[in-house]
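Residue numbers (this note's numbering): 413 to 476. In this text, a Cβ means the ideal position worked out from N, Cα and C, and glycines have one as well. From a predicted model like this one, the values you see are computed outputs, not experimental measurements. Notes follow the structure.
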């Protein structure tokens, strides 16, 4: 999966998580929590994307 796919999936899951845990909090706090979660998901997505690209490089046969 690409970095954007990880970020999008994480953002959707985080927004669902925030609204399930605290449906009674204000919309501003919910939006703030969603943005903080989005930035956290972005950093995790970059790590997974970098790992996937390294794994792909390792699987390529070495030409002599």
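Quiz item: Considering only the beta carbon of each residue, do residue 450 and residue 426 sit closer than 9 Å?
Solution: The residue labelled residue 450 in the question sits at position 38 within the chain shown. The residue labelled residue 426 in the question sits at position 14 within the chain shown. Taking 9 Å as the Cβ cut-off, residue 450 and residue 426 qualify as a contacting pair.
Practice problem: Excluding the 5 residues preceding and the 5 following residue 456 in the sequence, name in chain order all residues of the same chain whose CB lies nearer than 7 Å to its CB. | Solution: Here residue 456 refers to the residue found at position 44 when the chain shown is read from its first residue. For residue 456, where only same-chain residues beyond five positions count, the Cβ hits under 7 Å are 422.
Quiz item: Anyone know if the C-beta pair for residue 442 and residue 453 falls short of 9 Å?
Solution: The residue you call residue 442 lines up with position 30 of the chain shown. The residue you call residue 453 lines up with position 41 of the chain shown. No, the Cβ-Cβ distance between residue 442 and residue 453 is not below 9 Å.
Self-check item: Whole-angstrom distance between residue 414 and residue 462, CA atom to CA atom
Solution: One-based indexing of the chain shown puts residue 462 at position 50. One-based indexing of the chain shown puts residue 414 at position 2. Distance from the CA atom of residue 462 to the CA atom of residue 414, rounded to whole angstroms, is 10 Å.
Practice problem: Please list, in chain order, all residues of the same chain as residue 445 whose beta carbon is under 6 Å from its beta carbon, the five residues on each side excluded. | Solution: Numbered from 1 along the chain shown, position 33 holds the residue referred to as residue 445. So the list reads 430, once near-sequence residues are dropped.
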